[in-house]
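K.L.:
Residue numbers (the working numbering): 27 to 791. My questions will all concern the structure given below.
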Ligand SMILES: Nc1nc2c(c(=O)[nH]1)N[C@H]1C(S)=C(S)[C@@H](COP(=O)(O)OP(=O)(O)OC[C@H]3O[C@@H](n4cnc5c(=O)[nH]c(N)nc54)[C@H](O)[C@@H]3O)O[C@H]1N2
Ligand SMILES: Nc1nc2c(c(=O)[nH]1)N[C@H]1C(S)=C(S)[C@@H](COP(=O)(O)OP(=O)(O)OC[C@H]3O[C@@H](n4cnc5c(=O)[nH]c(N)nc54)[C@H](O)[C@@H]3O)O[C@H]1N2
Ligand SMILES: [Mo]
């Protein structure tokens, strides 16, 4: 039976309620080993019954909030749970209105288009009149708001990303900021049936493409044969790019005709780069001091870029740091200066690597989509401002030219995301969680911190326990995901949970439209068939698709080349910006008068980086990048993730130099700390990590040593107890996860036991 996950398609066999084999999809040239971890689906960490935090059950909404995450649960029946949740939703909407409910519920959920938990909870809440939603993503917080102002919508841009096959034929030099990490290309939101990035990089190398990895980590581009490594200081890429730009202008290597015809308005940036605006020339020598890279390497790279068909790649990570708008804006400006935007194999990509689909030779077609309805509440928050929102009801903040007001939240409903994975400064989030909302409800599959910190936990099924359709924009297959297991214990589909709640609340017809799971799958498939037809794709009947088990989407006639049509005729194919051109200067952004995001790209020091005074005290830049062995926090309890832990804790990678001066050896456990928090991690020594950088991937389940309700040491290696919870700028309010300084010391004390994968204590009422 095929199933689709965000990291690949697998053929699963089961017997008597147990998984007997997990085979990668036969059409996948480079399958991900994360699939092995699906065996955890039937394991002991599942939420087996509806459960309510003990003193919440006894005292009702708002009682003993400070005990969240540190108290026993009581198992209850589904009837009691549905009564409790529906009554509480009714109380809050009646007393405070729907704007008192936060159900933004950010998170990747599982693959499968109908049982997509985030869509299900949004649809349900919309049937009740709406909820406070989130805007944007953690992934692309800065880019999603910035790009429409200077270029075009991020998703429209991504769907025309130049294909690898075009690079194979035309590209000579691929300069990648943050590399093209193979660990990340395992994954794609919604699914990925064929992993092509590593095989394609080999083909590019065979075709003679040269690779440059501008990154604090060598591994980021190690799957590109022969890649050169420029070990830049984290968060200084904008300065690096300015140094490249200064060299181009000084040597008259910038394409002035391209800039004049396709861009508006280069002159203010030129003056800034040359120092005519502020007296500081942004030369290669100037950049060298900031980036800690020799000035020659910067200047020589600029010359090579001008002399070659060059593709500039910028990992999403660069915009997930303080002032993350700047590297993206500057990379576009730099590509414009090279004049190769719209040519096959040249220009820029945002980005190859973060997810495996980028660079696919495919047409934009996204398969079935569950309609979410319309939201009656119009006060969404930028996704990463959740703690700010909880701390400041009624408070104001700047966002994309507007002044917005935070709602007053009484109830939180989460399904398909894990804030104790994704949010920064978790100790601060815990304080807000334990003081503000009166009720927190989650649908969860596992007893992870998201469940443990809730008041009411409703057990949800996994993809193996339900029928669904797997598909993702630009992926080459639609997958018939057939149920392979009965629901584990009392788990229910999110759809069935919300159907039961909507019945109690009098909106069942609106939520279900009278459809069963089977009827929904057919309906959503038929709707997508109509959309496919408009793109010239003919889907088979639902019966034929379901019995065949998959459908292969035919590739386009010509591989995509980004902005090809704009290059061919900029008048007929104007960009959706005020000038119709690439906005190297944005009068709109300038008019907002934000000191943290001026009207053209600029070097702005991040709040925390190795050049900051704080680096005296916390001398290591923390890189909390995406984990190689799982998807975020998903399947951290799976065998593949667990096998990579050191003394049961997440591995932190240090340069030998940084380890030696601290007397730290491979395999040690260290305490990683700053003023916001501390965690334990197991040590890996790696000379592919730039000195001054500590790499601790995200996703270890938050496991605080709880002393009288005050979270102290995190035992398992979750980097978000250390990260900075600050908007990237007033323009976009993206998350700044990649800007954090820490110190590391050998942990000499007795090691506390990791309890991340223990279910909570259970009590009788
Ligand atoms: N420090 C730092 N922090 C980061 C980042 C970083 O680079 N550094 N990256 C950020 C980014 S880009 C992202 S996208 C976020 C990711 O953050 P999330 O998307 O929130 O992380 P996941 O672990 O995927 O959370 C999904 C949750 O949904 C649950 N789930 C899965 N399927 C279902 C289902 O069918 N039903 C229900 N009810 N639940 C389900 C899982 O058990 C899990 O708890 O993290 C962000 N956080
Ligand atoms: N296996 C796996 N793959 C994933 C995910 C996962 O959880 N697991 N999550 C997916 C998600 S949600 C997203 S949004 C994407 C994210 O994709 P990215 O945001 O690109 O991913 P990261 O792993 O955070 O960063 C990529 C690399 O950039 C480098 N880097 C970080 N900061 C800087 C910097 O300031 N300058 C330079 N030059 N380099 C820097 C780091 O060395 C890091 O390894 O990944 C996706 N892919
Ligand atoms: Mo993401």
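Virtual Cβ for every residue (Gly too), placed ideally from N, Cα, C. Computed from a predicted model, the values in this text were never measured in an experiment.
Kindly list the residues whose CB is nearer than 8 Å to the CB of residue 221, restricted to its own chain and excluding five residues on each side of it in sequence; keep chain order.
P.N.:
Taking the chain shown and counting its residues from 1, the one referred to as residue 221 is at position 195. 34, 54, 55, 56, 57, 58, 211, 212, 382.
K.L.:
In terms of DSSP beta bridges, what is residue 437 paired with?
P.N.:
Reading the chain shown from its first residue, position 411 is the one you call residue 437. DSSP lists 127, 465 as partners of residue 437.
K.L.:
Flag residue 441 as yes when its Cβ comes closer than 7 Å to any non-hydrogen atom of ligand 1, and as no otherwise.
P.N.:
Walking along the chain shown from the start, residue 441 turns up at place 415. Yes, ligand 1 has a heavy atom inside 7 Å of this Cβ.
K.L.:
Does the distance between the C-beta of residue 656 and the nearest non-hydrogen atom of ligand 2 fall short of 7 Å?
P.N.:
For the purposes of this step, residue 656 is identified with residue 630 of the chain shown, where counting begins at 1. For ligand 2, at least one heavy atom lies less than 7 Å from the Cβ of residue 656.
K.L.:
Does the beta carbon of residue 520 fall short of 7 Å from some heavy atom of ligand 1?
P.N.:
In the chain shown, residue 520 corresponds to position 494, counting from 1. True, at least one ligand heavy atom lies under 7 Å from that Cβ.
K.L.:
Could you give the residue range of the alpha helix (DSSP H) that holds residue 269?
P.N.:
Here residue 269 refers to the residue found at position 243 of the chain shown. Element bounds for residue 269: 263-276.
K.L.:
Quick check: residue 497 and residue 216, are their CB atoms within less than 8 Å of each other?
P.N.:
As a working mapping, residue 497 is identified with position 471 in the chain shown. As a working mapping, residue 216 is identified with position 190 in the chain shown. Closer than 8 Å, so yes.
K.L.:
Residue 243 to residue 407, Cα distance in whole Å?
P.N.:
Counting from 1 along the chain shown, the entry for residue 243 is found at position 217. Counting from 1 along the chain shown, the entry for residue 407 is found at position 381. Cα to Cα, the separation comes out at about 33 Å.
K.L.:
Based on Cα-Cα distance, which residue from 479, 431, 173, 468 lies nearest to residue 93?
P.N.:
Translated into positions along the chain shown, residue 93 becomes position 67. For the residues 479, 431, 173, 468, the minimum Cα distance to residue 93 belongs to 479.
K.L.:
In the structure shown, what three-state DSSP assignment does residue 588 receive?
P.N.:
For the purposes of this step, residue 588 is identified with residue 562 of the chain shown, where counting begins at 1. Of the three classes helix, strand and coil, the one that applies to residue 588 here is coil, per DSSP.
K.L.:
Quick check on DSSP: helix, strand or coil for residue 212?
P.N.:
As a working note, residue 212 is residue 186 in the chain shown. In this structure, residue 212 counts as coil in the three-state DSSP scheme.
K.L.:
Using a Cβ-based criterion (distance less than 7 Å to any ligand heavy atom), does residue 107 qualify as near ligand 2?
P.N.:
If you number the chain shown from 1, residue 107 lands on position 81. Every heavy atom of ligand 2 is 7 Å or more from the Cβ of residue 107, so no.
K.L.:
Quick one: is the Cβ of residue 724 within less than 7 Å of any heavy atom of ligand 3?
P.N.:
As a first step, residue 724 must be located in the chain shown, where it is residue number 698. No; taking the cut-off as 7 Å, the Cβ of residue 724 has no heavy atom of ligand 3 nearer than that.
K.L.:
Can you tell me which of 592, 582, 506, 420 puts its alpha carbon nearest to the alpha carbon of residue 390?
P.N.:
Translated into the one-based positions of the chain shown, residue 390 becomes position 364. Of the candidates 592, 582, 506, 420, the one whose C-alpha sits nearest the C-alpha of residue 390 is 582.
K.L.:
If you measure from each residue's Cβ to the nearest non-hydrogen atom of ligand 3, which ones come out under 7 Å, in chain order?
P.N.:
Taken from the N-terminal end onward, the list reads 163, 164, 165.
K.L.:
Three-state secondary structure (DSSP) at residue 530?
P.N.:
Your numbering for residue 530 matches position 504 in the chain shown. Helix at residue 530.
K.L.:
If the criterion is Cβ atoms closer than 8 Å, does the pair residue 336 and residue 201 meet it?
P.N.:
Stepping through the chain shown from its first residue, residue 336 is reached at position 310. Stepping through the chain shown from its first residue, residue 201 is reached at position 175. A contact, by the Cβ cut-off of 8 Å.
K.L.:
Look at the alpha carbon of residue 554 and the alpha carbon of residue 395, and state the distance between them as a whole number of angstroms.
P.N.:
In the chain shown, counting from the first residue as 1, residue 554 sits at position 528. In the chain shown, counting from the first residue as 1, residue 395 sits at position 369. In a straight line, the C-alpha of residue 554 is about 8 Å away from that of residue 395.
K.L.:
Could you please give me the residues that DSSP links to residue 697 through a beta bridge?
P.N.:
Taking the chain shown and counting its residues from 1, the one referred to as residue 697 is at position 671. Bridge partners of residue 697: 706, 771.
K.L.:
What are the complete alpha helix (DSSP H) segments, minimum 4 residues, inside the region 173-208?
P.N.:
Taking only runs of at least 4 residues, the alpha helix (DSSP H) segments lying wholly in the region 173-208 are 180-185, 190-196.
K.L.:
Which residues in the same chain have their Cβ closer than 6 Å to the Cβ of residue 143, if we skip the five residues on either side of it in sequence?
P.N.:
In the chain shown, the residue the question calls residue 143 occupies position 117. The residues are 135, 441, 442, 520.
K.L.:
For the alpha helix (DSSP H) that contains residue 108, what are its first and last residues?
P.N.:
Working through the chain shown from its first residue, we reach residue 108 at position 82. First-last of the alpha helix (DSSP H) with residue 108: 104-122.
K.L.:
Would you say residue 606 faces chain C, with C-beta separation under 8 Å as the test?
P.N.:
Chain labels in this structure do not include chain C; a single protein chain is all it has.
K.L.:
With distances taken between CB atoms, is the gap from residue 313 to residue 350 smaller than 8 Å?
P.N.:
As a first step, residue 313 is located in the chain shown; it is residue number 287 there, counting from the start. As a first step, residue 350 is located in the chain shown; it is residue number 324 there, counting from the start. Cβ atoms of residue 313 and residue 350: not closer than 8 Å.
K.L.:
Along the chain, which unbroken stretches of the alpha helix (DSSP H) at least 4 residues long are found entirely within the region 540-585?
P.N.:
As far as the region 540-585 is concerned, its whole alpha helix (DSSP H) runs of at least 4 residues are 543-560, 568-574.
K.L.:
When the Cα atoms are used, what is the spatial distance from residue 648 to residue 531?
P.N.:
Indexing the chain shown from 1 puts residue 648 at position 622. Indexing the chain shown from 1 puts residue 531 at position 505. Between residue 648 and residue 531, the C-alpha separation is close to 47 Å.
K.L.:
Three Cβ pairs or more, each shorter than 8 Å: is that satisfied between the region 586-596 and the region 713-733?
P.N.:
No, the region 586-596 is not in contact with the region 713-733.
K.L.:
I need the DSSP call for residue 352, collapsed to helix, strand or coil.
P.N.:
Against the chain shown, residue 352 aligns to sequence position 326. Three-state result, residue 352: helix.
K.L.:
Helix, strand or coil, according to DSSP, for residue 488 in the structure here?
P.N.:
Numbered from 1 along the chain shown, position 462 holds the residue referred to as residue 488. Three-state result, residue 488: coil.
K.L.:
Name the DSSP bridge partner or partners of residue 761?
P.N.:
Within the chain shown, the letter at position 735 stands for residue 761. The partner list for residue 761 (beta bridge, DSSP) reads 753.
K.L.:
Buried or exposed: residue 422, going by 16 or more other Cβ atoms within 10 Å of its Cβ?
P.N.:
For this step, residue 422 is matched to residue 396 along the chain shown. It counts as exposed.
K.L.:
Is residue 177 buried or exposed, if buried means 16 or more other CB atoms sit within 10 Å of its CB?
P.N.:
For the purposes of this step, residue 177 is taken as residue 151 along the chain shown, with counting starting at 1. Burial call: buried.
K.L.:
Could you say which of 781, 311, 418 lies nearest to residue 662 if we only look at CA atoms?
P.N.:
Reading the chain shown from its first residue, position 636 is the one you call residue 662. For residue 662, the nearest C-alpha among the options comes from 781.
K.L.:
Among the residues of its own chain, which have a CB less than 6 Å from the CB of residue 708, if the five just before and after it don't count?
P.N.:
One-based indexing of the chain shown puts residue 708 at position 682. Excluding residues within five positions, the ones whose Cβ falls inside 6 Å are 672, 673, 675, 677, 695.
K.L.:
List, from N- to C-terminal side, the beta strand (DSSP E) runs of 3 residues or more that fit wholly inside the region 221-259.
P.N.:
Counting whole runs of 3 or more residues, the region 221-259 contains the beta strand (DSSP E) stretches 236-240, 254-256.
K.L.:
Would you grab the beta carbon distance between residue 658 and residue 448 for me? Rounded to a whole angstrom, and I think it's under 8 Å.
P.N.:
Looking up residue 658 in the chain shown gives position 632. Looking up residue 448 in the chain shown gives position 422. Indeed, because the Cβ distance is near 7 Å, the residues count as touching under 8 Å.
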